[in-house]
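Here's the structure we're looking at; comments come further down.
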Amino acid sequence: MKKALLVIDIQNDFCQGGALAVSGGEEVIPYVNGLMENNLYSEIVLTQDWHPKNHKSFASFHKKNTGETVLLNNLPQILWPDHCIQGTSGAEFHPKLRKELATHIVQKGTHASHDSYSGFQDNHGMRKTNLDEYLKNKKIQQVEIVGLALDYCVKYTCLDAVRNGYHTLLHFRGTKAVNLKPKDAHESLFELLENGVSVLA
């Protein structure tokens, strides 16, 4: 079975000191690098949040507070601080991540009107990235997923991987959660297991 490792959004803005830092986010990097180095994967794909500066998921765009919710394209949208803006240092991969081992990079969230947690498509299912096409062309059957953050971009990438027909495995040691609410990580894991994602503790 041909396998790919999907490394989700290990970028400066999601690590210590970043605009949307995930607590302990950078602590997963040694584990992720170890997976990237072990030659078990036919493909290693990095996803990269890559927002225009006027992205409508930003609280600043709406003159509201981070964590508030608005309607965006008739769906609820959590508002975030400005982060991973195209061309900024915050959008760059963390310097300790061995990005040179990647075989492909997928940029997401590139359209100002659509947020994109999943590496496969935006939150409204209107714009797909090239991730599924790339994996299918490479005859990938199983994806293993790590990165940031468990309760958003990692979760939705896992769910879309299952929907697209891949055997999907989450490495729990390779992810951290935002936890806007205290039980978000726990509830995300339960949702993933319910939907056919295997979790390696």
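Be aware that the sequence shown starts at 22, since it is given in the numbering used here, and climbs by one per residue.
Even glycine gets a Cβ: it sits at the ideal position worked out from N, Cα and C.
Expected contact under 8 Å - CB spacing of residue i and residue j to nearest Å
i    : j    : result
V43  : K204 : Between K204 and V43 the Cβ distance is about 16 Å, and since that is not below 8 Å, they are no contact.
K77  : Q162 : Not really, about 36 Å apart at Cβ, beyond 8 Å.
T109 : L100 : No, T109 and L100 are not in contact; Cβ-Cβ is about 19 Å, not under 8 Å.
I31  : L169 : 6 Å
D172 : S209 : 4 Å
H115 : N59  : That pair is no contact at about 20 Å.
L122 : M57  : 5 Å
Y52  : G195 : 5 Å
Cβ neighbours of residue i in the same chain (closer than 8 Å, five flanking residues each side left out)
i    : result
S134 : K77, L93 and N94
L214 : V220
Opening and closing residue of the beta strand (DSSP E) in which residue i lies
i    : result
R194 : H188 to K197
G168 : Q163 to L169
T90  : T90 to L93
V220 : S219 to L221
Neighbourhood of residue i by C-beta distance below 7 Å, restricted to the same chain and skipping five residues each side
i    : result
R148 : H132, H135 and Q142
T150 : V127, K129, G140, F141 and Q142
H83  : V91 and L100
H145 : N94, L96 and H135
G186 : none
I106 : H72, K74 and A112
L201 : G88
Bridge partner(s) assigned by DSSP for residue i
i    : result
A25  : E64 and V164
W101 : F79
D70  : K129
F114 : Q32
K84  : According to DSSP, which records beta bridges pairwise, K84 is partnered with nothing at all.
K149 : Q142
L96  : L93
Cutoff 6 Å; reference residue i; Cβ partners in own chain excluding five residues on either side
i    : result
N54  : R119
L152 : V127, G140 and F141
T124 : E64 and I65
N-terminal and C-terminal residue of the alpha helix (DSSP H) that residue i is part of
i    : result
V43  : First-last for V43: undefined, no H or E at that position.
V53  : I50 to E58
S209 : D205 to E215
C174 : Taken as a continuous stretch (DSSP letters only), C174 belongs to no alpha helix (DSSP H), as it is neither H nor E.
L156 : L152 to N158
beta-carbon residue i near the ligand FAD non-hydrogen atom, thresh 6 Å
i   : result
Q69 : Among the ligands in the structure shown, none appear at all, so the ligand FAD cannot be discussed.
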